[in-house]
Amino acid sequence: MNPSSHALLISPYVPLEVAYGSSARGAGAVLPPLGILYLASYLKRIGYGDVEVLDANVLAWDADRVMERVRSSRPRVVGLTATTLGFPYAVEVARRVRAFDPAVVLVLGGAHAKGAKAEVFRTDPGLFDYLCYGEGEIAFRTLMEHLAGDIPRSGLKGFLYLEAGEVVTAPEAVTPLDLDPFGHPSELVDPAWIPRYHEKVMAYKFRPMFALYASRG
81 MNPSSHALLI
91 SPYVPLEVAY
101 GSSARGAGAV
111 LPPLGILYLA
121 SYLKRIGYGD
131 VEVLDANVLA
141 WDADRVMERV
151 RSSRPRVVGL
161 TATTLGFPYA
171 VEVARRVRAF
181 DPAVVLVLGG
191 AHAKGAKAEV
201 FRTDPGLFDY
211 LCYGEGEIAF
221 RTLMEHLAGD
231 IPRSGLKGFL
241 YLEAGEVVTA
251 PEAVTPLDLD
261 PFGHPSELVD
271 PAWIPRYHEK
281 VMAYKFRPMF
291 ALYASRG
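Quick note on the working numbering: the sequence shown kicks off at 81 and runs consecutively.
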C-alpha cells in the first residue's frame with residue numbers, strides 16, 4: 081500500500097451546548113457527517129482502500145481521544161470537516177496532529193472552508209496544508225493522486241494552498257452529473273454509531289435515523 085494513500089477523515093466533536101446553548105442541549109441534533117462519508121466511500125470505490133472515517137462528534141470524543149486514534153493509525157493525510165461553530169475544535173485537533181507528526185498532510189473541508197477560504201491561511205498560517213472549498217470527492221482524488229506522485233501540484237482541483245507565502249486557488253472540482261460512482265455513506269459508517277444519531281427533538285422523535293443526499297447543486 082502506498083503510504084500516501086492512508087487517510088483519516090475526522091468530524092470533530094462539537095458539544096451540543098455550543099450550538100444550542102446549555103439549557104437546550106438536550107433538544108439538539110446529532111447528524112451523520114455526510115460529506116466525509118461520501119468522500120471516503122468514493123475513494124474506496126476508485127482504489128484508495130486505506131481510508132478511515134472517525135465521527136468524533138457522535139462519539140463525543142475530545143481531542144485527547146482523537147489523538148489516540150491518530151497515534152494508532154498513523155495516517156499520511158488527516159482531513160477535518162467543520163462548520164464555523166466547529167472550526168475552533170477542528171483547529172485544536174489539527175494543532176495536536178501537527179505537533180505529533182509534522183509530516184502529516186492536514187486538509188480542511190466543510191462549510192467553514194467554503195465560506196472563509198483564504199482567511200483560514202491568514203489566521204493560522206502553516207497549520208492546514210490544503211483547504212477544500214467545494215465538492216470534495218473529485219478534489220480529494222486529485223490530492224491523493226498528487227501525493228502519490230501521479231500528477232503535479234498544478235493538477236489539483238478544488239483546493240486552496242500556500243505557495244511561497246501566497247494563496248493559490250486551484251480550479252473548481254466540478255461534480256459529475258452521474259453521482260452513482262460516489263457510493264453511499266452507509267458503506268463507511270460504523271453500525272454502532274447509528275443509534276446515536278438523532279434530529280432535533282421537535283423535528284423527528286424516533287431513533288435510529290440516518291440521512292443521504294437526494295441531489296446536488
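For glycine and all other residues, C-beta sits at the position ideal for the given N, C-alpha and C.
| Check | Outcome |
| --- | --- |
| Cβ contact (3+ pairs, closer than 8 Å) linking the stretch 115-130 and the stretch 171-183 | no |
| Cut-off 7 Å between Cβ atoms - residues of its own chain near Ala198, not counting five sequence neighbours on either side | Leu240 and Val247 |
| Span separating the alpha-carbon of Asp142 from that of Val110 | 16 Å |
| Where the alpha helix (DSSP H) through Phe167 begins and ends | Phe167 to Phe180 |
| Exposed unless 16 or more other CB atoms sit within 10 angstroms - verdict on Thr249 | exposed |
| Completely contained beta strand (DSSP E) runs for the stretch 204-230, where each covers 3 or more residues | 210-212 |
| Opening and closing residue of the beta strand (DSSP E) in which Asp135 lies | Val131 to Asp135 |
| Start-to-end residues for the alpha helix (DSSP H) that takes in Ser152 | Ala143 to Ser153 |
| Burial state of Arg151, where buried means 16 or more other Cβ atoms lie within 10 Å | exposed |
| C-alpha gap between Ser102 and Leu96, whole angstroms | 8 Å |
| Spatial distance of Ala183 from Arg233 (CA atoms) | 17 Å |
| Span of the alpha helix (DSSP H), counted from its first residue to its last, around Glu97 | Leu96 to Tyr100 |
| Bounding residues of the alpha helix (DSSP H) (the contiguous stretch that carries Ile116) | Leu114 to Arg125 |
| Glu279 - DSSP class collapsed to helix/strand/coil | coil |
| DSSP state of Glu199 mapped onto helix, strand, coil | helix |
| Reference Arg176; option with closest CA among Arg296, Arg149 and Ala140 | Arg149 |
| DSSP three-state assignment for Phe290, whether helix, strand or coil | coil |
| Residue burial classification, Gly190 (beta-carbon count within 10 angstroms, cutoff 16) | buried |
| Whole-number beta carbon distance between Val157 and Ser227, since they are thought to touch under 8 Å | For clarity, residue 227 is Leu in the given sequence; the question names Ser instead. With 8 Å as the limit, Leu227 and Val157 qualify as a contact, their Cβ atoms being about 7 Å apart. |
| Paired residues, beta bridge with Val158 - DSSP | Leu88 and Leu186 |
| Reduced DSSP secondary structure (H/G/I, E/B, other) of Leu259 | coil |
| Counted within 10 angstroms of its Cβ, other Cβ atoms place Thr164 as buried (16 or more) or exposed | exposed |
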